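Engineer: When you read off a place in the sequence shown, starting at 1, and then add 1, the result is the number in the numbering used here.
Beta carbons: idealized from backbone N, C-alpha and C, even for Gly.
Predicted model, so just to flag it, every value in this text is computed and none were measured.
Here it is, the structure in full.
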Amino acid sequence: MKISSLFNGEKTVFSLEVFPPKKTSGSVETIYSTLDGLKSVKPDFISVTYGAGGNRADLSTFEICRIIKEKYDTPAIAHLTCVSSTKEDIDFIIKKLKESGIENILALRGDRKAGVEPEKDFSHASDLIRYIKTREPGFEISGACYPEVHNEAENSITDIFALKEKVDAGAQHLISQLFFDNNAFYSFLERARIAGIDVPIEAGIMPVVNISQITRMVSMCGASLPRKFSKIMSRFADNPKALFDAGIAYAVDQIVDLISNGVDGIHLYTMNNPTVALRIFSAIKSMR
Ligand code: FAD
């Protein structure tokens with residue numbers, strides 16, 4: 002199923018992100034316990050992450066997408082990065098995706114790693130999108146967007162122009178970086194719509210349920226922390242159970258506000274934790 006067909010105005014799309022199990026935790030099959038746990042959420046689709054330095058030897062993302070589609074009867078989006086890929090690598094992966102019956106790709110540049118020279122074939126996600134569309138127009142492509150501006154962008158205007166280029170290149174749906182301040186998302190949405198970006202934009206929500214997650218997430222994506230969020234985190238820093246409950250309550254509060262404001266969709270970063278996803282879904286399912 003093509004993801005954009007889900008955005009038909011009937012309900013707010015609710016989707017999930019999972020990541021392939023770490024090599025140290027065993028084979029790709031360990032994803033089954035995560036997927037079994039997520040089954041009752043009945044997500045509209047599940048996206049599966051891919052390493053920025055992804056290579057032909059690691060096809061776990063695509064294998065998991067195939068499992069999601071075939072065994073769980075749920076549409077899947079395969080993330081695909083290009084910073085470390087040549088055109089030949091992408092051709093190889095496109096072929097594998099076609100063989101696995103996967104129709105949806107989240108086309109990304111991927112983070113550049115210090116000391117690692119990027120490949121030269123693709124400078125930006127829009128180059129990858131254009132390339133895939135030329136090679137295999139049948140794929141539906143999604144792209145990433147940044148409510149609080151991508152950390153390498155000069156400013157919010159150049160970032161929006163780059164996003165418009167991504168959409169003009171063929172992205173039919175966007176998923177946002179996580180954020181904790183809904184107002185940041187609403188002003189981003191306004192900028193995007195003014196710039197003529199008219200594809201569905203899903204809001205990325207990450208429930209923060211432990212302290213180490215905050216430090217990691219914020220240093221990785223630079224999301225700003227509203228006062229209300231910081232107060233909750235410091236109040237319950239020494240009480241893991243309370244922090245867990247409060248983190249879920251905060252995410253639910255964000256989602257209720259987003260749905261009330263007519264957002265196209267909610268994309269939940271599950272961190273492969275079905276308990277958290279289920280708690281959130283139960284709290285908001287009647288509101289979609
Ligand atoms: P781009 O769209 O190429 O943007 C990167 C920077 O270049 C931005 O600052 C942008 O403003 C600028 N830019 C873009 N186009 C142009 C242009 N034409 N001219 C000038 N400047 C331009 N990473 C992974 O490794 N694996 C994943 O699975 C993964 N999944 C993600 C899912 C989501 C929803 C999000 C939001 C991010 C994800 N990432 C993932 C992280 C992502 O790879 C990084 O944020 C990366 O730094 C940027 O990727 P991008 O596709 O947004 O890049």
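How about the region 50-63 and the region 93-101: do they share at least three Cβ pairs that are nearer than 8 Å?
Structural biologist: Here the region 50-63 makes contact with the region 93-101; the two share three or more CB pairs at distances below 8 Å.
Engineer: Express the C-alpha separation of T216 and D239 in angstroms, rounding to a whole number.
Structural biologist: Computed Cα separation, rounded: 15 Å.
Engineer: Round the Cβ separation of P21 and I32 to the nearest angstrom and send it over; I've been treating them as touching at under 8 Å.
Structural biologist: 7 Å
Engineer: Return helix, strand or coil for C66, following the three-state DSSP convention.
Structural biologist: C66 falls in the helix class under three-state DSSP.
Engineer: Indicate whether at least one CB of chain D lies closer than 9 Å to the CB of G116.
Structural biologist: Looking at the structure shown, chain D is missing, and only one protein chain is on hand.
Engineer: Ordered along the chain, which non-local residues of its own chain (more than five positions away) have a Cβ less than 6 Å from that of A170?
Structural biologist: S127, I130, R131
Engineer: Hey, which unbroken runs of the beta strand (DSSP E) at 3 residues or more fall wholly within the region 59-129?
Structural biologist: 77-82, 105-109
Engineer: Does at least one heavy atom of ligand 1 sit under 8 Å from the Cβ of Q173?
Structural biologist: no
Engineer: Counting only the same chain and skipping the five closest in sequence on each side, list residues whose C-beta sits under 8 Å from that of V19.
Structural biologist: I32, T35, L36, L39, I47, S48, V49, T50, I65, T271, N273
Engineer: Does the Cβ-Cβ distance between G1 and G55 come in under 9 Å?
Structural biologist: Nothing can be reported for residue 1, as the shown portion of the chain is limited to 2 through 289.
Engineer: If we ignore side chains and look at the alpha-carbon of each, how far apart do P138 and D246 end up?
Structural biologist: 45 Å
Engineer: Compare the C-alpha of S5 against each of D265, Q173, K286 and name the closest.
Structural biologist: Q173
Engineer: Quick check: does the Cβ of S124 come within less than 8 Å of any heavy atom belonging to ligand 1?
Structural biologist: yes
Engineer: Check for me: the beta strand (DSSP E) holding F15 runs from which residue to which?
Structural biologist: 14-19
Engineer: Give the secondary structure of V209 by DSSP, where H, G and I count as helix, E and B as strand, and everything else as coil.
Structural biologist: The answer is coil: DSSP assigns V209 none of H, G, I, E or B.
Engineer: Just to confirm before moving on: does the CB-CB distance between S177 and D122 stay below 9 Å?
Structural biologist: no
Engineer: Name the DSSP bridge partner or partners of I267?
Structural biologist: DSSP output for I267 lists F15, A204 as bridge partner(s).
Engineer: Find out if the Cβ-Cβ distance for the pair I195, C146 is shorter than 9 Å.
Structural biologist: In this structure, I195 sits away from C146, with a CB-CB distance that is not shorter than 9 Å.
Engineer: Need the endpoints of the beta strand (DSSP E) that F46 sits in, please.
Structural biologist: For F46, the uninterrupted beta strand (DSSP E) run begins and ends at 46-49, by DSSP.
Engineer: Shortest alpha-carbon distance to E166 belongs to which of F189, D182, V209, I198?
Structural biologist: I198
Engineer: Rounded to whole angstroms, what is the Cα-Cα separation between A224 and F181?
Structural biologist: 7 Å
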